[in-house]
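Everything on this sheet refers to the single structure shown next.
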Amino acid sequence: MENTQHLSSISCEIQIIRARNIEQSSLGKINLFVRCYLPVGNNQRVKLNSQEISSKSNLFWDESFSLDCLGTQNSINMLKQDVVVFELRSRKYLPFLGKNIGSSQLLGKAEIPWKRVFESTEMEIEEWAIFMGATSKNNEDVKPPAVKIAMKVKVEAIKVKKKDKLRRSWDESCSCKGYCGCNSSSIFSADDYEIFALGAALV
1 MENTQHLSSI
11 SCEIQIIRAR
21 NIEQSSLGKI
31 NLFVRCYLPV
41 GNNQRVKLNS
51 QEISSKSNLF
61 WDESFSLDCL
71 GTQNSINMLK
81 QDVVVFELRS
91 RKYLPFLGKN
101 IGSSQLLGKA
111 EIPWKRVFES
121 TEMEIEEWAI
131 FMGATSKNNE
141 DVKPPAVKIA
151 MKVKVEAIKV
161 KKKDKLRRSW
171 DESCSCKGYC
181 GCNSSSIFSA
191 DDYEIFALGA
201 ALV
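Here's what the structure looks like:
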């Protein structure tokens, strides 16, 4: 009986680069950030926020989210069928208080399928994602906000002994703080080699 399981090491990276078509006059003094919803299996998603930048700045983030996991071919197939949801959000900022005020407001939403990344030439893409919102739908003369986003995937085949205990890779430095399940024994076992170790971190 074979004592090894054929798995794939999957490394995904999402880079939030910059924004454009931000209406300065209507927004006033606010901060902007991008919220990402990353699929982690079992119809669950991890929510990650980029840093906040001023709407009066050059609108550059240049930040990356990394996601590393180990899974079967079935895990890869499921990932290909899923999408990453991006939200461009704003938050009022009062300089004299030095802090943000109130909850964030949704400016627009965009989705990018992982399948498009997997099917690209080198399994990486870079594009301007259009963030559609209520304002852009009602006013055809106003260009909707757009954010330049890069995504790439790296897959490597490996072998793991079935009876070996799987090492947890999550710690306090992980931005998901365990919500993605990477610190939960319920998400992986020696008998079930679906995605068993998942970490999402802001680089």
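Reading the sequence shown from the start, the letters are residues 1 to 203 in full-length UniProt numbering. C-beta: ideal position from N, C-alpha, C; glycine also.
- In this model, Y37 and I16 are separated by some 13 Å (Cα to Cα).
- Contact annotation: I125 and V117 have beta-carbon atoms nearer than 7 Å.
- Scanning N31, H6, E23 for the CA closest to the CA of Q105 turns up N31.
- DSSP places Q81 outside any alpha helix (DSSP H), giving it a letter other than H or E.
- Closest in C-alpha terms to W128, from the list V147, G71, V142, R91, comes V147.
- Under DSSP, the beta-bridge partners assigned to V34 are L88.
- Its chain contains K143, P144, P145, A146 as the residues whose beta carbon lies nearer than 7 Å to that of N21, once the 5 sequence neighbours on both sides are disregarded; these appear in chain order.
- Here the alpha carbons of N77 and T4 stand approximately 21 Å from one another.
- Closest in C-alpha terms to M132, from the list S103, L88, K115, comes L88.
- Counting of Cβ neighbours within 10 angstroms places S57 among the exposed residues, the total staying below 16.
- It is roughly 46 Å from the alpha-carbon of G108 to the alpha-carbon of K161.
- Exclusion of the five residues before and after F60 leaves R18 as the residues of its chain whose Cβ lies within less than 6 Å of its Cβ.
- By the CB criterion at 7 Å, F33 and E13 fall outside the cutoff.
- Assignment of beta-bridge partners to I112 by DSSP yields V84.
- Here S103 is exposed. Its C-beta has fewer than 16 other C-beta atoms within 10 Å.
- A straight-line Cα-Cα distance of about 11 Å links A110 and I149.
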